[in-house]
Amino acid sequence: MSPEEVRAVVDAAANASMEAYYWWATGIMVCIHAGFMMYEMGQSRVRNVLASGVKNILAFAFIIPTFFLFGWWLYWAYGTGNIFLPDAGAEYAQYYVPWSDGMGPNLQDQASGVFWAAFVLFSATTASIVSGSVIERIRISSWIILAVLVGSVVWIIAAGWGWSAGGWLVTDWGYHDVGAAGVVHMISGFFALGVLCNLGPRVGRFNADGSANDLLGHSVPMTIAGLMIIIIGFFGFLGACLIYPAPMAASAADAGWLTIYGGPATLSSFAFNTLMSFGGGIIGAYFITKDPFWMMSGALAGIFCAAAGLDLWYPGTAFALGFLGGVVIPYSHKLITSWGIDDAVGAVSVHGTCGLIGVLAVGVLLGGYPSHAEGVPAISFTGQLVGAIAMGLGGFIPGYVVSWILKKCGILRSSDKVQEIGVDAEVPVPAYPEAMQSRDYS
Amino acid sequence: MFDSSPIETWEGAAAIFNSAGSTGVWIWLLIACALCIIPVISAIRHENETERKHG
Numbered sequence: 485m486s487p488e489e490v491r492a493v494v495d496a497a498a499n500a501s502m503e504a505y506y507w508w509a510t511g512i513m514v515c516i517h518a519g520f521m522m523y524e525m526g527q528s529r530v531r532n533v534l535a536s537g538v539k540n541i542l543a544f545a546f547i548i549p550t551f552f553l554f555g556w557w558l559y560w561a562y563g564t565g566n567i568f569l570p571d572a573g574a575e576y577a578q579y580y581v582p583w584s585d586g587m588g589p590n591l592q593d594q595a596s597g598v599f600w601a602a603f604v605l606f607s608a609t610t611a612s613i614v615s616g617s618v619i620e621r622i623r624i625s626s627w628i629i630l631a632v633l634v635g636s637v638v639w640i641i642a643a644g645w646g647w648s649a650g651g652w653l654v655t656d657w658g659y660h661d662v663g664a665a666g667v668v669h670m671i672s673g674f675f676a677l678g679v680l681c682n683l684g685p686r687v688g689r690f691n692a693d694g695s696a697n698d699l700l701g702h703s704v705p706m707t708i709a710g711l712m713i714i715i716i717g718f719f720g721f722l723g724a725c726l727i728y729p730a731p732m733a734a735s736a737a738d739a740g741w742l743t744i745y746g747g748p749a750t751l752s753s754f755a756f757n758t759l760m761s762f763g764g765g766i767i768g769a770y771f772i773t774k775d776p777f778w779m780m781s782g783a784l785a786g787i788f789c790a791a792a793g794l795d796l797w798y799p800g801t802a803f804a805l806g807f808l809g810g811v812v813i814p815y816s817h818k819l820i821t822s823w824g825i826d827d828a829v830g831a832v833s834v835h836g837t838c839g840l841i842g843v844l845a846v847g848v849l850l851g852g853y854p855s856h857a858e859g860v861p862a863i864s865f866t867g868q869l870v871g872a873i874a875m876g877l878g879g880f881i882p883g884y885v886v887s888w889i890l891k892k893c894g895i896l897r898s899s900d901k902v903q904e905i906g907v908d909a910e911v912p913v914p915a916y917p918e919a920m921q922s923r924d925y926s
Numbered sequence: 039m040f041d042s043s044p045i046e047t048w049e050g051a052a053a054i055f056n057s058a059g060s061t062g063v064w065i066w067l068l069i070a071c072a073l074c075i076i077p078v079i080s081a082i083r084h085e086n087e088t089e090r091k092h093g
């Protein structure tokens, strides 16, 4: 075989491996959605359980076409240093308009479809995070609008800012967030907070004196099992945050796994730190609460507290950060509830608070790591703080403004009467056999 | 804030985790061990309390 033929064979094999890697990572990420659906249905009372499921399924379904139509394009149009307006002239933005040759079967482009698919699942995850906090009173039509907004617009603009080599947060501030603690978890958590301000609490959640009642879901075991399935999904999610080794790299530095910023990394570092922070989160929450709901939420919280620096943490540090996340979430949830905010599953605390901890922890503990690209600042506390502010406001403001508009249009929230009957009134089939039903379906 | 990078350049870098090759690693190890032991002690106390209440 000539050198050219050898190179062609190596390229073909490497490209097929790359496709297979992202294909299966995408499949594993569907577990995040399945887990969130179980988690939300378990946390719902019997009269609301199917509406919670329908809401979750529809978010996933609507994000797929909208991410095809404009979400993927937005990522590339915001990854060239711009903050407010997309750069339609950017090379990849032009390539990823939905009518381009790259946005469909193309024998010369094996990467675009699987990258797009992985990002679709990242997008569905952001919507799923918000989904649980608003159960048992949001109207499905409004939810679809909000899910598309957070999943196919808001988070992907934030990803352009801080989760691409050319984003302004990266090039100007050295922002470092390899596992998406800010761009996915802070954005979703703060978006949920903005929506909850306008949506209001479920009927019966708060008393006239402001004290809160626990509205217990109908199946804690379903909730806990759902949370464990979400964890499976996050192995796909975090694995897909890395760029697969190029077949014939131009230099040794480009030969292995790369972070989303193009810096060197290993899948092993993600394995060490994902598992250590997962364990730390569960133990931290067990230490504080002894409650299995918070323990499994602590597993997620732990991962998010370590996510931004998964490529760089010493595993003992990742464990301690995970423990911190597990300890913090019940208190953070209590604080948010004391403001009169009804977050039905603690999503603002688990994702918003722990995403914030994750972003800032990199600034506090990982200062001084040099950049991979010339002219880009090293990791610093200031850079991470600017990133945290951008993610907090970038999530909260659109969530608040659009849910306020939906509220003014009178389509945000189910009436108190429907809530009392159960929002499953919108679903034509019962969730459980008649002995377990809470209303008459005849 | 804490400058914990063990590298100044990515060329030829090997162990890149925070505090690699310094005493910082031992501090994090000790913290991790303590965070495993303290919850076990807390669990024993919690179980003893439950035993006293219901036993």
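Protein chains in written order, with my numbering: chain C, 485 to 926; chain W, 39 to 93.
By construction, the Cβ of each residue, glycine as well, lies at the ideal position given by its N, Cα and C atoms.
What you are looking at is a predicted structure, and each value in this text was computed from that prediction instead of being measured.
Contact list for residue i against chain W, beta-carbon separation under 8 angstroms
i, result
"HIS702 (chain C)", "Within chain W, no residue comes near HIS702 (chain C); the closest Cβ sits about 26 angstroms away, beyond 8 angstroms."
"GLY847 (chain C)", "MET39"
"ILE813 (chain C)", "Per Cβ cutoff of 8 angstroms: no residues; ILE813 (chain C) is ~16 angstroms from chain W at best."
"GLY782 (chain C)", "Ordered by position in chain W, no residue passes the 8 angstroms Cβ test against GLY782 (chain C), which lies about 11 angstroms from the chain."
Beta-carbon neighbours of residue i, restricted to chain C and to distances below 9 angstroms
i, result
"GLU46 (chain W)", "GLY852, PRO854"
"SER60 (chain W)", "Here the premise fails: no neighbours, minimum Cβ distance about 10 angstroms."
C-alpha gap between residue i and residue j, whole angstroms
i, j, result
"GLU904 (chain C)", "ALA631 (chain C)", "25 angstroms"
"PHE675 (chain C)", "TYR745 (chain C)", "25 angstroms"
"PRO570 (chain C)", "PHE554 (chain C)", "11 angstroms"
"TYR728 (chain C)", "PRO882 (chain C)", "33 angstroms"
"LEU67 (chain W)", "SER626 (chain C)", "48 angstroms"
"ILE767 (chain C)", "PHE756 (chain C)", "17 angstroms"
"LEU633 (chain C)", "VAL667 (chain C)", "14 angstroms"
"LYS901 (chain C)", "MET780 (chain C)", "34 angstroms"
"GLY426 (chain C)", "ILE714 (chain C)", "Past the edges of chain C, shown from 485 to 926, lies residue 426 (chain C), and the structure says nothing about it."
"GLU85 (chain W)", "GLY782 (chain C)", "21 angstroms"
"GLY764 (chain C)", "CYS515 (chain C)", "22 angstroms"
"LEU869 (chain C)", "TYR506 (chain C)", "32 angstroms"
"SER57 (chain W)", "ALA504 (chain C)", "36 angstroms"
"LEU700 (chain C)", "GLY663 (chain C)", "32 angstroms"
"TRP778 (chain C)", "TRP652 (chain C)", "36 angstroms"
"ALA709 (chain C)", "MET522 (chain C)", "8 angstroms"
"PHE807 (chain C)", "PHE603 (chain C)", "29 angstroms"
"GLU488 (chain C)", "VAL598 (chain C)", "27 angstroms"
"TYR562 (chain C)", "TRP600 (chain C)", "16 angstroms"
"ILE76 (chain W)", "ASP585 (chain C)", "58 angstroms"
"LEU840 (chain C)", "ARG491 (chain C)", "45 angstroms"
Residue i - DSSP class collapsed to helix/strand/coil
i, result
"PHE568 (chain C)", "coil"
"ALA749 (chain C)", "coil"
"LEU742 (chain C)", "strand"
"ASP908 (chain C)", "helix"
"PHE40 (chain W)", "coil"
"GLY836 (chain C)", "helix"
"ILE825 (chain C)", "coil"
"ILE54 (chain W)", "coil"
"GLY588 (chain C)", "coil"
"GLY851 (chain C)", "strand"
"THR47 (chain W)", "coil"
"THR510 (chain C)", "helix"
Residue nearest to residue i in terms of C-alpha spacing, selected from the options
i, options, result
"PHE721 (chain C)", "C:SER648, C:TYR559, C:LYS901, C:LEU605", "C:LEU605"
"VAL860 (chain C)", "C:TYR884, C:HIS660, C:THR821", "C:HIS660"
"GLY650 (chain C)", "C:GLY684, C:SER536, C:TRP560", "C:TRP560"
"PRO865 (chain C)", "C:ASN532, C:LEU844, C:MET525, C:THR821", "Note that residue 865 (chain C) is Phe in the sequence shown here, rather than Pro. Nearest of C:ASN532, C:LEU844, C:MET525, C:THR821 to PHE865 (chain C), Cα basis: C:LEU844."
"SER899 (chain C)", "C:LEU542, C:ARG686, C:VAL514", "C:ARG686"
"GLY511 (chain C)", "C:ASN540, C:ARG491, C:TRP657, C:ILE716", "C:ILE716"
"GLN527 (chain C)", "C:ALA874, C:PRO917, C:PHE718, C:ALA828", "C:ALA828"
"VAL78 (chain W)", "C:SER612, C:SER501, C:TYR770", "C:TYR770"
"ALA831 (chain C)", "C:ILE813, C:TRP823, C:SER822", "C:ILE813"
"ALA785 (chain C)", "C:LEU542, C:PHE803, C:PRO705, C:TRP797", "C:PHE803"
"ALA509 (chain C)", "C:ASP698, C:LEU591, C:PHE718, C:TRP639", "C:PHE718"
Contact list for residue i against chain C, beta-carbon separation under 7 angstroms
i, result
"ALA52 (chain W)", "Within chain C, no residue comes near ALA52 (chain W); the closest Cβ sits about 11 angstroms away, beyond 7 angstroms."
"ILE69 (chain W)", "GLY800, ALA804"
"ILE75 (chain W)", "Neighbours of ILE75 (chain W) on chain C: none; closest Cβ ~10 angstroms, over 7 angstroms."
Chain W contact residues for residue i, given Cβ-Cβ distances below 7 angstroms
i, result
"LYS774 (chain C)", "HIS84"
"LEU796 (chain C)", "ILE54, PHE55, ASN56"
"PHE807 (chain C)", "LEU73"
"PHE865 (chain C)", "MET39"
Within chain W, partners of residue i - CB distance below 9 angstroms
i, result
"ILE744 (chain C)", "Within 9 angstroms Cβ-Cβ: nothing; ILE744 (chain C) doesn't reach chain W, min ~16 angstroms."
"PRO748 (chain C)", "TRP48, ALA51, ILE54"
"TYR728 (chain C)", "Under the 9 angstroms cutoff, chain W gives no residues; its nearest Cβ is about 19 angstroms from TYR728 (chain C)."
"PHE771 (chain C)", "LEU73, ILE76, PRO77, SER80, ALA81"
Identity of the residues DSSP links to residue i by a beta bridge
i, result
"ILE622 (chain C)", "C:ARG897"
"PHE690 (chain C)", "C:ALA696"
"ILE727 (chain C)", "C:LEU742"
Contact with chain A by residue i, beta-carbon distance below 7 angstroms
i, result
"ILE613 (chain C)", "Checking the listed chains, one finds no chain A in this structure; the protein chains it contains are C and W."
Residue i: CB within 6 angstroms of a non-hydrogen atom of the ligand NAD
i, result
"THR837 (chain C)", "With respect to the ligand NAD, the structure offers nothing, as it holds no ligand at all."
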